[in-house]
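For reference, the structure is listed below as structure tokens.
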């Protein structure tokens, strides 16, 4: 069986050490990798992962070019980089066009680190443009340790933008909302054609019975294997999903086929 981890973080060698150290202090847990591309590739191989989606975040508008150029430089047959734009950047819409031209696979938005709420109208032009360009958006959803008492993307917020932008593919990380899985079950799962959920942090934090219910309601064809490496591990996540004893085709979809469809690789490659 093939495995593609849809939610992985790594950094340029010159900043990886200090970035991982700072993030580990905020998260209150040790990282599973050193945060470099080579270190991440090594650990992914040990976990039996065939490829991964590399997620970068532009934490200020001036980082657009550097962030996306570096992401583009990492692209290869087993690394599938997403770009990022900062909502306060005057050139954000133009940068989305450049992200498309660079061949990046989508964009990552982190409302907590980029200081916005997911349903703010100032983000709407970005959501609309991504739909026009065919760029999926992956959001950090739910609680984040950087500001645990101020949640910037709740399932209710996600519902609002999913409904308003039906032509934009939106991936809500952390199974729709970290630590808000009751609300995900009630509000999000199975209710939006343009919604995908990734399993980042599911390996360590979601009860198996609730994971099973959310997958059943959402549909296994809209669930993406993800770890949030280096903050959780893909192998733990795979083992947890396998303990659910889903049908074999559902496992294949979650572990790789759904990612291949969104990324347009493998049998889903354009012009194949």
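In our numbering, the protein residues as written are 747 to 1018. Quick reminder that beta carbons are idealized off the backbone N, C-alpha and C, glycines included.
For residue i, list the residues DSSP reports as bridge partners.
i, result
"residue 800", "754 and 827"
"residue 924", "888"
"residue 783", "Answer is none; residue 783 lacks a bridge partner."
"residue 883", "853 and 916"
On the DSSP letters alone, give me the boundaries of the alpha helix (DSSP H) that residue i sits inside.
i, result
"residue 879", "870 to 879"
"residue 910", "901 to 910"
"residue 846", "838 to 848"
"residue 769", "759 to 773"
"residue 811", "810 to 819"
How long is the line joining the alpha carbons of residue i and residue j, rounded to whole angstroms?
i, j, result
"residue 899", "residue 922", "9 angstroms"
"residue 976", "residue 878", "32 angstroms"
"residue 854", "residue 884", "5 angstroms"
"residue 981", "residue 755", "16 angstroms"
"residue 812", "residue 842", "14 angstroms"
"residue 809", "residue 849", "18 angstroms"
"residue 897", "residue 953", "21 angstroms"
"residue 860", "residue 869", "11 angstroms"
"residue 874", "residue 882", "11 angstroms"
"residue 788", "residue 960", "32 angstroms"
"residue 979", "residue 771", "18 angstroms"
"residue 851", "residue 1010", "9 angstroms"
"residue 996", "residue 836", "42 angstroms"
"residue 932", "residue 926", "10 angstroms"
"residue 840", "residue 872", "10 angstroms"
"residue 1018", "residue 1012", "Confidence is the limiting factor: at residue 1018 the pLDDT is only 47, short of 50, which leaves the residue's position unreliable and the question unanswerable from this model."
"residue 748", "residue 1014", "15 angstroms"
"residue 833", "residue 998", "36 angstroms"
"residue 752", "residue 762", "20 angstroms"
"residue 845", "residue 838", "10 angstroms"
"residue 989", "residue 911", "35 angstroms"
"residue 807", "residue 858", "15 angstroms"
"residue 887", "residue 774", "19 angstroms"
"residue 856", "residue 962", "27 angstroms"
"residue 785", "residue 985", "22 angstroms"
"residue 880", "residue 847", "12 angstroms"
"residue 957", "residue 936", "14 angstroms"
"residue 817", "residue 805", "15 angstroms"
"residue 890", "residue 824", "28 angstroms"
"residue 994", "residue 908", "30 angstroms"
"residue 776", "residue 814", "27 angstroms"
"residue 822", "residue 929", "37 angstroms"
"residue 759", "residue 940", "35 angstroms"
"residue 819", "residue 934", "35 angstroms"
Can you give me the start and stop residues for the beta strand (DSSP E) that residue i sits inside?
i, result
"residue 942", "941 to 944"
Within 7 angstroms: the Cβ of residue i and any heavy atom of the ligand FMN?
i, result
"residue 857", "You won't find the ligand FMN in this model; it holds no ligand whatsoever."
Give a yes or no on whether the minimum CB-CB distance between residue i and chain D is below 8 angstroms.
i, result
"residue 817", "This model lacks chain D altogether, as it is built from one protein chain only."
Touch test, the segment 933 to 944 against the segment 912 to 919, Cβ-Cβ under 8 angstroms, three pairs minimum: yes
May I ask you to verify whether the segment 1004 to 1017 touches the segment 964 to 979, counting CB pairs closer than 8 angstroms and requiring at least 3? yes
Is the segment 795 to 803 touching the segment 828 to 839 in the sense that three or more CB pairs, one from each, lie closer than 8 angstroms? yes
Count Cβ pairs between the segment 862 to 877 and the segment 901 to 908 that sit closer than 8 angstroms; are there 3 or more? yes
Just list the alpha helix (DSSP H) runs in the segment 943 to 1018, keeping only unbroken ones of 4 residues or longer that don't cross its boundaries, in chain order. 948 to 951, 954 to 964, 980 to 988, 994 to 998 and 1004 to 1009
Pairing CB atoms from the segment 761 to 772 with CB atoms from the segment 788 to 797, are three or more of them under 8 angstroms? no
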